[in-house]
Amino acid sequence: MSRQQTQVLATWLISITAVVVILPIVLVVFYVVAKGIGTVNWQFLSQPPSNGMTEGGIFPALLGTVILTLGTAVAAIPLAVGAAIYLAEYAGDNRATRAIRLAIVNLAGIPSIVYGLFGLGMFVLFLNFGTSILAGALTLGLMTLPVVISTAEEAILAVPQEFRVVSLSLGASRWQTIRHQVLPHALPGIITGIILGLGRAAGETAPILFTVAAFYLPELPKSIFDQTMALPYHLYVISTQVPGMPLSIQYGTALVLLIIVLSFTLVATVIRTVMRRRRQW
Amino acid sequence: MTAKLSIRDLSFTYADGAQALQHINMEIFANELFVLFGPSRAGKTTLLRLINRLADLLDGVQRSGEILFNDQDVYNPNLDVTYLRRRIGMVFAVPTPLPGSIYANLAYGLEMAGIKDRRIIDERVERSLRQAALWDEVKDRLQDSAFALSGGQKQRMCLARSLVLEPDVILLDNPTSGLDPISTALVEESLFELKQQYTIIMVPHSVQQASRVADRAAFLLNGEVVEIGSQQRIFIHPRDKRTEDYVTGRFG
Ligand SMILES: Nc1ncnc2c1ncn2[C@@H]1O[C@H](COP(=O)(O)OP(=O)(O)OP(=O)(O)O)[C@@H](O)[C@H]1O
Ligand SMILES: [Mg+2]
């Protein structure tokens, strides 16, 4: 084979792998959209389920997911960003910090059901928060931490070292340097990490299974010590646990969940692109 | 005359074990322009970065000996390093603007020092830009990005940025690298004015520049001081064979 032929063949092979990877995603999205679009309207989003969940909408589950995602953000963001700043800027390169980094990488790979069980043992039972929004948000927050810490640390380390050196040489303290010359430039990366982490948290079922999610609640939660319904779990319930469930509601619910999760990714991508374009260095 | 800076038996080793400086001794006096010159890797930048404690930032380095600034040990743990760096300004070999406008770059050091009065900041920004011979070129575009400046303008902006803090000593690491002859002449000219007010330690672009601007000079080679003396002594009557070879261009 000539060089040129090899080149053409390689291009084709690579394109095919790309299609193989992307095609299923596109198919799933199209399938869910096609099946679910007819069901999703304002009524569906704003009404509670009725008649043994075989009719009505998904409002309590949708609200629950919004609340849980906000709770996750509150629980995870300060800790994750703080840890990332510490690891990137203060911790030297020694055995202890290498162990911490290794732990973070491993934590990111733990199946979400393990987080769910840990949340049950730690927050629901040991700390006695009960099955509650608090326990659920903390569990989701914990699951989100490693991803956000890693991406935030990476974003902080990507800020050119010269900015720090110049800032210090101008008499800025270490914290002033981080505050004014590092964090602002790392922010797009940090925000991207946060959004991707939250997107995952919003879509997960396992961590909320034992810690917060309710099968069905006639009323909306009133405090963080109440249970709540949540979309991923609701979808699981209506797809497997309720006999005589109309397919249209199942696909409608799946579509809403899909839109929520994909929009997190979309927002993250937009933020990254816009901030990159504005960057001067 | 008491020394502005005294360096006593200073040795320095980087984390990889490379000994960058060995038993350096020198005194630098107020309002002189002291030139540190020598071939590449002689340790000039390392020495400058030790004086304002930027070498502190690296892990695993080893230092012995002392550096006295106005008779105070700069490595005294009780000394406020931010104060030290305001008193000893530095211009790096590669001009590095901070992201943001020209004005923001100039005002940064003052703001970090807690100065909030805009009038004072504006006044000092203008004066230091004039001292660095840059004011006329940028006065109408202070809010433009500092990255939009030409290489030579960036370098003068970095000089102005360190002058804005009204330091006592300024460390200039090759301040005319990458400048055309006209800008180089501009900077050299402003050096003569600046030393009325400041003590300057400068790593020159070339031996010719060193001999043009120096009051006194030290010739560094492989981390050691070969010879220190007045401009006359070093560039016209060097005593050491290695200095003579280097200044006459026979080596390096
Ligand atoms: N960050 C560093 N880590 C390890 N070694 C370094 C570092 N910086 C400099 N060195 C080493 O220290 C020695 C002195 O370097 P230095 O940069 O001080 O030389 P210089 O005289 O400024 O050279 P030049 O004229 O090329 O700028 C060199 O051998 C260099 O390789
Ligand atoms: Mg150098």
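Order-wise, the sequence lines are chains V and E.
282 is the number that the numbering used here gives the last residue of the first sequence; the numbers go up by one with no jumps.
583 is the number that the numbering used here gives the last residue of the second sequence; the numbers go up by one with no jumps.
We treat Cβ as the ideally placed atom computed from N, Cα and C, and that holds for glycine.
- In its chain, beyond the 5 residues on either side, M357, L367, V556, I559 have a beta carbon closer than 6 Å to the beta carbon of A549 (chain E).
- Per DSSP, the unbroken beta strand (DSSP E) holding M421 (chain E) starts and ends at 419 to 422.
- A Cβ closer than 7 Å to some heavy atom of ligand 2 marks a residue here, and those residues are E:K375, E:T376, E:A424, E:D504, E:N505, E:V534.
- When CB distances to chain V are screened at a threshold of 7 Å, the residues of the stretch 429 to 446 of chain E falling below it are L429, P430, Y439, G440, M443, A444, in chain order.
- Bounds of the alpha helix (DSSP H) holding H186 (chain V) are 184 to 204.
- Annotated three-state conformation of A92 (chain V) is coil, per DSSP.
- Contact annotation for N383 (chain E) against chain V: S170 [CB-CB distance below 8 Å, chain order].
- One finds nothing in chain E with a Cβ atom closer than 8 Å to the Cβ of G190 (chain V); even the nearest lies about 15 Å away.
- Under the three-pair Cβ rule at 8 Å, the stretch 142 to 157 of chain V counts as touching the stretch 78 to 92 of chain V.
- With a threshold of 8 Å, the Cβ atom of S371 (chain E) counts as near ligand 1, since some heavy atom of the ligand is closer than that.
- Rounded to the nearest whole angstrom, the CA to CA distance from F124 (chain V) to M144 (chain V) is 13 Å.
- Placement of the Cβ of G396 (chain E) at a distance of 8 Å or more from every heavy atom of ligand 1 is found.
- By the neighbour-count definition (other C-beta atoms within 10 Å, threshold 16), P185 (chain V) is an exposed residue.
- Shown here, V425 (chain E) sits in coil according to DSSP, grouped into three states, outside any helix or strand.
- Residues of chain V with a Cβ closer than 8 Å to the Cβ of R492 (chain E) are, in chain order, L171.
- Residues F211, T212 of the same chain have their beta carbon placed closer than 7 Å to that of L121 (chain V), with the five preceding and five following residues left out of the count.
- 9 Å or more divides the Cβ of I250 (chain V) from the Cβ of T66 (chain V).
- One finds T427 in chain E with Cβ atoms closer than 7 Å to the Cβ of E163 (chain V), taken in chain order.
- Under the three-state reduction of DSSP output, S537 (chain E) falls in the coil class, being neither helix nor strand.
- At least one heavy atom of ligand 1 lies closer than 8 Å to the C-beta of A346 (chain E).
- Three or more beta-carbon pairs separated by less than 8 Å link the stretch 27 to 39 of chain V to the stretch 241 to 255 of chain V, which places the two stretches in contact.
- L503 (chain E) sits in a strand when the DSSP states are folded into three classes.
- V544 (chain E) and L551 (chain E) have their C-alpha atoms spaced approximately 17 Å apart.
- At a cut-off of 9 Å between beta-carbon atoms, L460 (chain E) makes no contact with chain V.
- Here the alpha carbon of I239 (chain V) sits roughly 21 Å from the alpha carbon of I134 (chain V).
- Cβ-Cβ distances below 6 Å link Y529 (chain E) to I501 in the same chain, with the five nearest sequence neighbours on each side left out; the list follows chain order.
- Positions of the beta strand (DSSP E) runs, each at least 3 residues long and wholly inside the stretch 418 to 478 of chain E, are given as 419 to 422 in order along the chain.
- The alpha-carbon separation between L64 (chain V) and T70 (chain V) amounts to approximately 10 Å.
- For the 9 Å CB-CB criterion, L197 (chain V) and A269 (chain V) form a contact.
- When secondary structure is reduced to three states using DSSP, S508 (chain E) falls in the coil class, being assigned neither helix nor strand.
- Residue nearest to F226 (chain V) within the set V:T7, V:V30, V:Q8, V:F130 is V:F130 (criterion: CA-CA distance).
- At least one CB atom of chain V sits nearer than 9 Å to the CB of T413 (chain E).
- Taking 9 Å as the threshold, the shortest C-beta distance from P185 (chain V) to chain E falls below it.
- Listed along the chain, the chain V residues whose CB falls inside 8 Å of the CB of L480 (chain E) amount to none; the nearest CB is some 12 Å away.
- Taking a Cβ-Cβ cut-off of 8 Å, the neighbours of D390 (chain E) in chain V comprise G93, D94, given in sequence order.
- The Cβ atoms of T413 (chain E) and G172 (chain V) sit closer than 9 Å to each other.
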